[in-house]
Every structure is written in structure tokens, then in C-alpha cells.
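Working notes for the structure below.
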Amino acid sequence: MKFQILLFLLGRMIKKKAKSDPEYKKKLAEKNCTVQIKTADNKKGRFYTFTNGEMITAGGVAPKSDVAIVWQDAKIAFETLKAGSQQKTMQAMQSGQLKLEGDGGVALWFMDKAKQAR
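Using numbering that gives the first Met the number 0, the letters of the sequence shown map in sequence onto residues 0 to 117.
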């Protein structure tokens, strides 16, 4: 449940930042894409679709995404994301607890925009 709340709040933060910061909104318009964040079993997740600087988000698994950020399970995802440490994220990738499926460039773009929304 904590993981899903965190993903929901991430969407809210991105929308709030885009509404209050025109430069940030321009950066969101750089890509038209769908980013999926989910658990490996597909039971928990949320996707974020960016189109011409606008974002829509919904819980669950998108039928199609440009990149999927796949966590081994919700507990590991929550603990790693809560820490906010790039080092912990890299350790999760190296240990196989976090995998990227699809366009890594889109994943990096999304992670940068998520970080800027804080």
C-alpha cells in the first residue's frame, strides 16, 4: 500500500510543479511517452503518460509503455524510493531488485523530471 501511495503522490507532485512552473512544463513537453512503474508480479503499479506537456496517470499496468521500471516487490521499491539515494537505486539495479524494460533514455528523462518535481 505504501508503494502505491508513493506512486500516486509522485504524480501529484509532477502535476503541481507543471502547474506552477512554466519552464518545468516545457521540459515535460520534450517527450511524448508512457512510463510504467510496477512490481515484477504486475500486482502493483502506476503509469504516467506524457503528451505535449500534459500528464495523465492511473493506477495499474498500462497496455503499452515506452519504459517499465520494474521492482522485485513493493517493499523493496518503497524502501529504496523513500531513501531518495541514487546509490541505493544503483545497488537495487546491480542486485536485480530493479530492472528497466524498454527505452533507458526515457527512464532517465522521467527520473530527472521526478527529481525536479520534489
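A virtual CB, placed ideally from N, CA and C, is assigned to each residue, including glycine.
Bear in mind the structure is a predicted one, so any value in this text is a computation, not a measurement.
Cβ shell of residue i (< 7 Å), same chain only, five flanking positions each side left out
i	result
K30	F49, V105 and W108
L6	I36 and R45
Extent of the continuous alpha helix (DSSP H) to which residue i belongs
i	result
A91	Q85 to Q93
G10	K1 to S19
A73	A73 to A82
Beta-carbon contacts of residue i that lie in its chain and below 6 Å, excluding the five residues immediately before and after
i	result
Q71	A39 and Q96
A76	F2 and W70
Residue i - DSSP class collapsed to helix/strand/coil
i	result
V105	helix
A61	coil
K98	strand
A67	strand
Residue interval of the beta strand (DSSP E) (run including residue i)
i	result
Q35	C32 to T38
Inter-residue spacing [alpha-carbon to alpha-carbon] between residue i and residue j
i	j	result
K114	S94	23 Å
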